[in-house]
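Participant:
Protein chains: 2
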Amino acid sequence: MANLKQVAERAGVSPATVSRYLNGSLSLPEPTREAIENAIRALNYHPNPFARSLSRGRTDQIQMVVPEIKAPFFAALVAAVENAAFERGQELAISVTLNRPGREQRYLDSVSDRHVDGLIFVTNHPEVAPLKSRIDAARRVVLLDEDVPGATAPRLFCDNDSGGYLAGQYLARHGHRAIGVIGTGDEMHSGAARFQGFSRALDDSADGGYRVHRKTGSYTIEDGSRLCAELLDEHPGITAIFAMSDELVIGTLDELARRDLRVPDDISIIGFDDILPLDYFATPITAIRQPVEALGAKAVEILLNTDWEDPAACSRVEILPVTLVERSSVASVPPAPQATVQHESNR
Amino acid sequence: MANLKQVAERAGVSPATVSRYLNGSLSLPEPTREAIENAIRALNYHPNPFARSLSRGRTDQIQMVVPEIKAPFFAALVAAVENAAFERGQELAISVTLNRPGREQRYLDSVSDRHVDGLIFVTNHPEVAPLKSRIDAARRVVLLDEDVPGATAPRLFCDNDSGGYLAGQYLARHGHRAIGVIGTGDEMHSGAARFQGFSRALDDSADGGYRVHRKTGSYTIEDGSRLCAELLDEHPGITAIFAMSDELVIGTLDELARRDLRVPDDISIIGFDDILPLDYFATPITAIRQPVEALGAKAVEILLNTDWEDPAACSRVEILPVTLVERSSVASVPPAPQATVQHESNR
DNA sequence: CGGTGCTAGTAAATCGCTTTACTGATGGGC
DNA sequence: GCCCATCAGTAAAGCGATTTACTAGCACCG
């Protein structure tokens, strides 16, 4: 494996010259230049990135920690970040925690360990107490998608609140009055914000009288089925369900199918994420779309452009807008609610 | 950021001692040992991995190139490899090509570029002509899941042929005689092998008289719908469909739903991959399960244990068994086929 | 003719660790 | 008392870049 010195020798110049030429800090006359290029080609020279990093004290590599990579949202997020990183000449090292205890901490440490330029951190569970101090220590960490309360780091979320709002508004406008909501509880930033926006939308709606039944769990298919079942058992009068993730939508659909409830004839459903090809579903599912591409691009941008000495920059929160993608899983219900719905009790 | 020298100074020994102690090539008496450990803790020392790699000429990092990361099978495969790599103390760097021209080549070059210990290469398209020579040049490449014909590299596949066989056998035993198959064409190793096994199973079946209608495309939801539609339009008599990937199953289901065909009452379906939670589907889908975990583990093992000087080892092909996971998407049809099926023409 | 400014480079220190080949001291065996 | 092991560690040469601070040579200007 050829090195700089050999290239320099063959080109009849010094290693410094080759290095500086390659890094653009030296412009050379044509003949020299050509000699170098030839030598490089002849020896099939590839700079050793380790020597490079060692010398420059910089990596050109960013790391991303995700809890999961099979879940469509995370897979898409990783793809988006990879893309953005690639565009900026950074390599992406991906680490998957599978929520195994200690893995998150371990990877966070690796910012110092691996002397990586920075880290994009995505979590999906609330037990993050030991993370805070490690994030603070690591610096050069961007929190993406989910919060770690108290940690000092720039954050990037989608507009969960307004996503919830859009969903609520949409259901209200279609005449739904008794609605089930399934998602995470308030311990998760996303679940709290989505639900808050959702509730506000209903409050803002001219005619009050809403009953919202919330069931909380994790963003999994299993919980989607389970929570949907609970919802239907306890509140048979609901006419619509807001499911806060693609997985929850799938789980909900399964449960509805199991009960022979048709969407949207028997019950309406509106989702969140919109990563799975909901268009292709038997009933195309209306959902709030997360701006995954934009999230990935922005996360990389923040990571690379933040001035890590500036405390203000390190606690900045960026919010990206979401959109409602209308399909056909929400039906209009008559403006005057049925009696059967009426006498149902509020939680 | 502390370095070896500082640790050594603080512990009152030489850098060499610390280094050798840390690498286990020196056993020290308790007091010295303790002094070093204390110094490390006090300075929060983390060895610089670049200096390490530079010095040792080794990376402890393996790279994986995948065409896609959103597709469930690839996401699962990446997760499995990550896991296996982690277990062996290797970092995993993941690169996603999105089938953009040049990206695969570029990443292959990076084995030399990044001086990575090795690379696991997964592709999903047949235009691989320029890849062959690059793989040969890179050495230390394992071909996973899909073949690049002619390249010199160890290969690891699931038993596509026997997967096809199992599917064919299962459908035959359930009395299906007119069957649609959708998958990739023979230009892809997986598509060819799965179809071959499938056909052989039908041939092996006691009572001949099968009609198999094959439609080929790529492993996507879109193609699943499209090919299923073509199949149903051209061969309305088919009683079962073998869909060669999760995506194709989804696409097929969508198309069936669109036509109000129920699974398995109106038509049976058997899938391949079994990564998506098919259990949770409205009709749980019977499918051939790919041993994703095992594929990941084995790929890493091959990468790390192959003697790259040995030409025999470099052209070894490893095949992992698949299993049929029985659910409820395949119905039995009466042993004597209907007249309507009878007069349908073979392709 | 001296000074200034280019051009076209170079020498050498440095990044942080690994590793080979040593050394000095101590203790045991005969 | 001498020799040989063993123990406990060290000095120094890499690994392959980058980068700072220089210099030699030349042209041009006034």
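Chains as they are written, first to last, in the numbering used here: chain A, 1 to 347; chain B, 1 to 347. Glycine included, every Cβ here is placed at the ideal spot set by N, Cα and C.
1) Nearest CA to the CA of I135/B: which residue from L108/B, N124/B and C158/B?
2) Could you check whether the region 239-253 of chain A touches the region 211-226 of chain A, counting it as contact only if at least three pairs of C-beta atoms, one from each stretch, sit closer than 8 Å?
3) According to DSSP, is L303/A part of a helix, a strand, or is it coil?
4) Using a Cβ-Cβ cut-off of 8 Å, state whether K70/A counts as contacting chain B.
5) Could you check where the alpha helix (DSSP H) with F86/A kicks off and where it finishes?
6) Contact between the region 233-245 of chain B and the region 194-213 of chain B: three or more CB pairs below 8 Å?
7) Return the chain-ordered list of same chain residues with a C-beta closer than 8 Å to the C-beta of L131/A, the five sequence neighbours on each side being excluded.
8) Which residues in chain A have a C-beta closer than 7 Å to the C-beta of F50/B? List them in chain order.
9) I want to verify the contact list: residues of chain B whose CB lies under 7 Å from the CB of I238/A, in sequence order.
10) Taking D359/B as part of the beta strand (DSSP E), name the residues at either end of that continuous run.
11) Terminal residues of the continuous alpha helix (DSSP H) containing R41/A?
12) With 7 Å as the C-beta to C-beta threshold (strictly closer), list the residues of the region 125-147 of chain A near chain B in chain order.
13) Tell me, to the nearest whole angstrom, how far the beta carbon of R289/B is from that of D274/B; I am working on the premise that it is less than 8 Å.
14) Between which two residues does the alpha helix (DSSP H) harbouring L227/A extend?
15) With a threshold of 8 Å between beta carbons, is A312/B in contact with chain A?
16) Can you tell me whether DSSP reads G180/A as helix, strand or coil?
17) For A85/A, decide whether its Cβ has a neighbour in chain B, counting only Cβ atoms nearer than 8 Å.
18) Are the beta-carbon atoms belonging to S16/A and Q63/A less than 8 Å from one another?
19) Measuring only the C-alpha atoms, how far is E293/B from T252/A?
20) Between R155/A, F121/A, M188/A and F50/A, which has its C-alpha nearest S315/A's C-alpha?
21) Between the alpha carbons of L98/B and A178/A, how many angstroms are there, rounded?
22) At a CB distance below 7 Å, what residues from the region 274-307 of chain A approach chain B? Give them in sequence order.
23) Touching or not, the region 41-55 of chain A and the region 40-54 of chain B, by the rule of three or more beta carbon pairs under 8 Å?
24) The beta strand (DSSP E) with T59/A in it runs from where to where?
25) Determine the chain A residues that contact V7/B at a beta-carbon separation under 8 Å, and present them in chain order.
26) I want to know whether the region 299-311 of chain A touches the region 3-11 of chain B - three or more CB-CB distances under 8 Å.
27) Hey, is S329/B close to the ligand NAP, as in C-beta under 7 Å from one of its heavy atoms?
28) Can you give me the Cβ contacts of A172/B inside the same chain, cut-off strictly under 7 Å, excluding the 5 residues immediately before and after it?
29) Should N346/A go down as buried or exposed, given a rule of 16 or more other Cβ atoms within 10 Å for buried?
30) Any C-beta of chain B sitting closer than 8 Å to the C-beta of E104/A?
31) When the distance is taken between beta carbons, is L143/A closer than 8 Å to A153/A?
32) Distance cutoff 8 Å, beta carbons only. Does E309/B sit that close to anything in chain A?
33) With A299/B and V81/B assumed to form a contact (beta carbons below 8 Å), what rounded beta-carbon distance in angstroms separates them?
34) In this structure, how does DSSP classify A249/A when only helix, strand and coil are distinguished?
35) Have a look at the DSSP bridge pairing and note the partners of I288/B.
36) In chain order, what are the residue ranges of uninterrupted alpha helix (DSSP H) at least 4 long that sit wholly in the region 112-191 of chain B?
Facilitator: Result, derived from the coordinates:
1) Cα-wise, what sits closest to I135/B is L108/B.
2) Contact check between the region 239-253 of chain A and the region 211-226 of chain A: three or more CB pairs, one atom from each, fall below 8 Å, which counts as touching.
3) In this structure, DSSP gives L303/A a helical state, which the three-state scheme calls helix.
4) Cβ-Cβ to chain B under 8 Å: yes for K70/A.
5) Residues P72 to E87.
6) Contact between the region 233-245 of chain B and the region 194-213 of chain B is present, with at least three C-beta pairs closer than 8 Å.
7) E104, Q105, L108, T123, V148 and A151, listed in sequence order.
8) One finds F50, S53, L54 and H115 in chain A with Cβ atoms closer than 7 Å to the Cβ of F50/B, taken in chain order.
9) Identification of chain B residues near I238/A by a Cβ-Cβ cut-off of 7 Å yields none; the smallest Cβ-Cβ distance measures about 20 Å.
10) In this structure chain B extends from 1 to 347, so residue 359/B is not present and cannot be described.
11) Following the DSSP letters along the chain, one finds R41/A inside the alpha helix (DSSP H) bounded by residues E30 to L43.
12) For the region 125-147 of chain A, the set of positions with a beta-carbon nearer than 7 Å to some beta-carbon of chain B is empty.
13) In this structure R289/B is in contact with D274/B, their Cβ atoms being roughly 4 Å apart against a cut-off of 8 Å.
14) Residues I221 to E234.
15) Taking Cβ atoms only, chain A never reaches closer than 8 Å to A312/B, which makes this a no.
16) Looking at G180/A - three-state DSSP - the assignment turns out to be strand.
17) So no, A85/A is outside the interface.
18) With the sequence shown as reference, residue 16/A is identified as Ala, and Ser is not the correct amino acid for it. A16/A is not a Cβ neighbour of Q63/A, given a cutoff of 8 Å.
19) Roughly 28 Å separates the two Cα atoms.
20) Taking S315/A as reference, the option from R155/A, F121/A, M188/A and F50/A with the minimal CA-CA separation is R155/A.
21) If you take the alpha carbons of L98/B and A178/A, they lie about 43 Å apart.
22) Answer set for the region 274-307 of chain A: P277, Y280, F281 and A282.
23) Between the region 41-55 of chain A and the region 40-54 of chain B, the count of Cβ pairs shorter than 8 Å is three or higher; the stretches touch.
24) It is not in any beta strand (DSSP E) - T59/A carries neither H nor E in the DSSP assignment.
25) Per Cβ cutoff of 8 Å: no residues; V7/B is ~14 Å from chain A at best.
26) No, they do not touch.
27) Among the components of this structure there are no ligands whatsoever, and the ligand NAP is therefore not found.
28) Cβ within range, chain order: A201, L202 and S205.
29) With a pLDDT of 39 at N346/A, under the threshold of 50, the modelled position of that residue is not reliable, and no figure is offered here.
30) Cβ-Cβ to chain B under 8 Å: no for E104/A.
31) The Cβ atoms of A153/A and L143/A lie closer than 8 Å to each other.
32) Chain A, which has no Cβ nearer than 8 Å to the Cβ of E309/B, makes this no.
33) Indeed they touch by this definition, with Cβ atoms about 6 Å apart.
34) Looking at the sequence itself, residue 249/A is Val, so the reference to Ala does not match. Correct three-state label for V249/A: helix.
35) According to DSSP, I288/B bridges with F272/B and L324/B.
36) Fully enclosed alpha helix (DSSP H) runs of 4 or longer: 129-138 and 160-173.
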